[in-house]
Structures are given as C-alpha cells and as structure tokens.
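Going left to right, the sequence shown walks through residues 114 to 433 as the working numbering numbers them.
All residues carry an ideal CB built from backbone N, CA and C; glycine is no exception.
The model shown is predicted, which means the values in this text are computed figures rather than measured ones.
Contents: one structure, followed by commentary.
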Amino acid sequence: MRRLIITALLALQTTPALPWGFFGHKMINRNAVFLLPPEMIILYKPQLEFITEHAVDPDKRRYAVKEEGPRHYIDMDHYHPWDSIPSSYNRAVAKYGEDSLARHGIVPWWIQTMTSRLTKAFELKDKFAIIKLSAELGHYISDAHVPLHTSSNHNGQFTNQYGIHGFWESRVPELFAETEFDLIVGKAQYIKSVSAMAWTIVRQSAAAADSVLLLEQQLNSRFRPDAKYSFEMRNGIITRQYSTAYSKAYHNMLQGMVERRMRESILATASLWYTAWVNAGQPNLQELAGRSFSEKELEEWQELSRQWKEPGLPGSSCSN
Ligand SMILES: [Zn+2]
Numbered sequence: 114m115r116r117l118i119i120t121a122l123l124a125l126q127t128t129p130a131l132p133w134g135f136f137g138h139k140m141i142n143r144n145a146v147f148l149l150p151p152e153m154i155i156l157y158k159p160q161l162e163f164i165t166e167h168a169v170d171p172d173k174r175r176y177a178v179k180e181e182g183p184r185h186y187i188d189m190d191h192y193h194p195w196d197s198i199p200s201s202y203n204r205a206v207a208k209y210g211e212d213s214l215a216r217h218g219i220v221p222w223w224i225q226t227m228t229s230r231l232t233k234a235f236e237l238k239d240k241f242a243i244i245k246l247s248a249e250l251g252h253y254i255s256d257a258h259v260p261l262h263t264s265s266n267h268n269g270q271f272t273n274q275y276g277i278h279g280f281w282e283s284r285v286p287e288l289f290a291e292t293e294f295d296l297i298v299g300k301a302q303y304i305k306s307v308s309a310m311a312w313t314i315v316r317q318s319a320a321a322a323d324s325v326l327l328l329e330q331q332l333n334s335r336f337r338p339d340a341k342y343s344f345e346m347r348n349g350i351i352t353r354q355y356s357t358a359y360s361k362a363y364h365n366m367l368q369g370m371v372e373r374r375m376r377e378s379i380l381a382t383a384s385l386w387y388t389a390w391v392n393a394g395q396p397n398l399q400e401l402a403g404r405s406f407s408e409k410e411l412e413e414w415q416e417l418s419r420q421w422k423e424p425g426l427p428g429s430s431c432s433n
C-alpha cells in the first residue's frame with residue numbers, strides 16, 4: 114500500500130524548472146534598483162513593483178514569440194575554442210549562419226542589443242521604454258549568469274540529472290536567498306565594453322557548468338533516494354521537490370555559487386542600466402518621474418499577462 118502511494122506521488126507533477134525561479138529574477142531586478150545613483154533612483158524607485166514583476170516578461174513571451182527562446186542562453190560547449198566565437202553578432206552570423214546561432218542561443222549578443230535599446234530609450238526620454246527595457250535587460254543578464262544556461266546539457270538530460278536546472282536556479286534560491294544570502298552588493302559601475310562584459314559573464318557561467326553537474330552527481334550517489342525528494346503543496350498541487358536537506362547539502366558543496374552568481378547578476382544589471390543612461394548623455398530623469406503610463410502602455414503589459422499561463426502549468430517552465 115505504501116509503495117502504491119509513493120508510486121502515485123512520484124507520478125504527480127514535479128515543479129517545473131523556472132528561470133532563477135521567477136522568484137530569483139524578481140529579486141535580482143528589485144535589488145538592482147538600489148545600486149543606482151540618486152539621479153536614476155528618482156525614476157526607478159517609484160517603479161520598483163513594475164521592475165520587479167516584469168523581470169519575468171521575457172519568459173512569458175517565449176511561448177508566443179519564436180525568436181524569444183534563443184535570447185536566454187548559449188550552448189558554450191558547442192564552440193571550441195571559445196575565443197573563436199566572434200564577439201559581434203554580425204560577424205557571428207557571417208561565420209555560423211543565423212539558424213545555427215538561434216539553435217545554440219544568443220544571450221551574450223542579445224544583452225548588447227538590449228543595452229543599445231535602453232540607451233536609445235534614455236535618449237528619447239521614453240519613460241515606458243526605459244522601465245520596460247530595464248526590467249527585461251535584467252532578465253537576460255541574470256540568465257547569462259546561470260551556468261546551465263550556457264550548457265547544452267541544460268537540464269541534466271544527457272547525464273540522467275533531469276531537474277537540475279530548476280534545482281540550481283529555483284529551488285536553492287527559494288529556500289535560502291531570503292534567509293541566508295547577502296544581496297547587498299555596492300554601487301552600479303560604468304561598463305566600458307558591454308560586449309566584453311557579456312562574454313565574460315557567459316564564459317564564467319560555462320566554466321562553472323561542469324561543477325554544477327558533477328557535484329550533484331556526487332551528492333546523489335551518497336544520498337538515500339528517499340531523502341532526496343520531498344512532497345510539498347504548491348498552487349494546490351502536490352509537487353515533488355528536492356528535499357531541504359538535499360538542497361542544503363548541494364548549496365554547501367557549491368560553496369555559495371548560487372549566491373555569488375545572484376550577487377553578480379544584481380551588480381551587472383544595475384551597471385548596465387547605469388551605463389545606458391551615461392551613454393545617453395545622463396538625461397535628467399526627474400521630469401519623467403512624475404509622468405504616469407498611458408492606457409495603451411499599460412494594456413501592452415496586461416496583454417502579456419493574459420497570454421501567460423499561471424506558473425506551474427505546462428508551458429510555463431523556462432529551462433534553456
Ligand atoms: Zn529566461
């Protein structure tokens with residue numbers, strides 16, 4: 114009887130892998146706002162809820178827009194050596210072709226595109242575009258910091274570690290970010306080369322991907338199978354989760370890697386917002402701060418939410 118129940122439970126939905134767990138993306142954008150100089154805080158702080166909530170818009174869009182998916186990752190293990198990858202998108206297209214690039218992901222190039230768009234929005238003093246693009250740029254920067262967003266084995270599917278994507282970027286932060294992580298990071302910094310920064314981020318992520326996989330394999334081999342998972346109620350559904358003990362052990366083995374990458378995501382996000390503003394000539398944002406969004410602008414956001422299914426339902430997961 115007991116076995117029957119366990120089998121039935123195992124058949125239940127395992128919580129899907131959400132990118133930085135939605136929770137993480139929101140936390141990163143939210144924390145990034147406080148790293149900005151006062152001239153920018155004046156615009157960003159009143160929009161804190163928007164910037165937090167809309168940190169996950171790019172993932173919501175993945176199911177409606179075909180081009181969206183590749184913007185969230187890059188399979189760095191597809192390229193040898195890494196130095197051979199052109200840092201400019203146009204040269205990369207000339208070398209590999211657009212289809213191949215799309216197949217293996219384009220996040221480091223997309224970060225540059227989004228930063229340019231944000232710079233333009235600052236030049237135009239377009240408040241809606243500034244807030245929207247800032248929220249979304251934070252998403253792509255954060256995805257680039259996740260080691261498994263830079264590996265073709267993105268959910269452990271080649272190594273029988275299915276679920277590890279969400280384990281690293283959702284489960285661990287959800288359990289420990291609020292209680293154990295120190296997310297006070299310092300101040301936004303001016304970035305001279307956005308391209309160099311984007312490539313550094315994905316190279317660091319790719320260099321860590323093997324450890325992310327290997328350490329979980331080691332942990333798995335020394336953990337009792339029945340202690341690896343627990344069952345929790347989420348959105349009214351019993352879901353199978355990596356147990357707290359297993360998550361804690363993994364977090365310890367990673368020696369704070371998740372926290373470190375989260376901190377770096379926060380700093381990089383604020384720094385690129387700041388850089389876009391500086392490159393646009395440091396427009397005065399005070400006059401924009403009091404302006405409210407138009408009906409049409411708000412509708413655009415609401416439409417995206419309408420298209421989006423609630424997290425936890427099929428189609429809402431975001432592994433790369
Ligand atoms: Zn994403």
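Proximity to residue i [Cα-Cα], best of the options
i	options	result
residue 410	159, 282, 245	245
residue 385	357, 371, 252, 275	252
residue 183	314, 265, 352	265
residue 241	255, 164, 175, 286	164
residue 144	297, 341, 367	297
residue 403	160, 147, 150	160
residue 281	369, 203, 334	369
residue 324	235, 343, 263	263
residue 192	146, 217, 237, 392	217
residue 254	204, 375, 196, 239	375
residue 393	230, 332, 405	230
residue 189	310, 180, 261	261
residue 235	156, 343, 352	156
residue 248	138, 203, 352, 313	138
residue 287	405, 361, 367	361
residue 135	173, 153, 154	173
residue 154	275, 343, 195, 243	243
Sheet register partners of residue i (DSSP bridge)
i	result
residue 354	343
Residue i classed as buried or exposed, judged by whether at least 16 other C-beta atoms fall within 10 angstroms
i	result
residue 327	exposed
residue 416	exposed
residue 162	exposed
residue 178	exposed
residue 357	exposed
residue 268	buried
residue 346	exposed
residue 303	exposed
residue 197	exposed
residue 354	buried
residue 395	exposed
residue 219	buried
Rounded Cβ spacing between residue i and residue j (contact assumed at less than 8 Å)
i	j	result
residue 371	residue 221	21 Å between Cβ atoms; not a contact.
residue 168	residue 141	7 Å
residue 364	residue 307	Not confirmed; about 31 Å, so no contact.
residue 330	residue 272	7 Å
residue 228	residue 214	Not confirmed; about 19 Å, so no contact.
residue 380	residue 237	That pair is no contact at about 27 Å.
residue 257	residue 322	At roughly 12 Å, the Cβ-Cβ gap does not stay under 8 Å, so residue 257 and residue 322 are not in contact.
residue 290	residue 387	The Cβ separation is near 24 Å, so there is no contact.
residue 318	residue 259	6 Å
Closer than 8 Å to chain B by CB, residue i
i	result
residue 179	Among the protein chains of the structure shown there is no chain B, as only one such chain exists.
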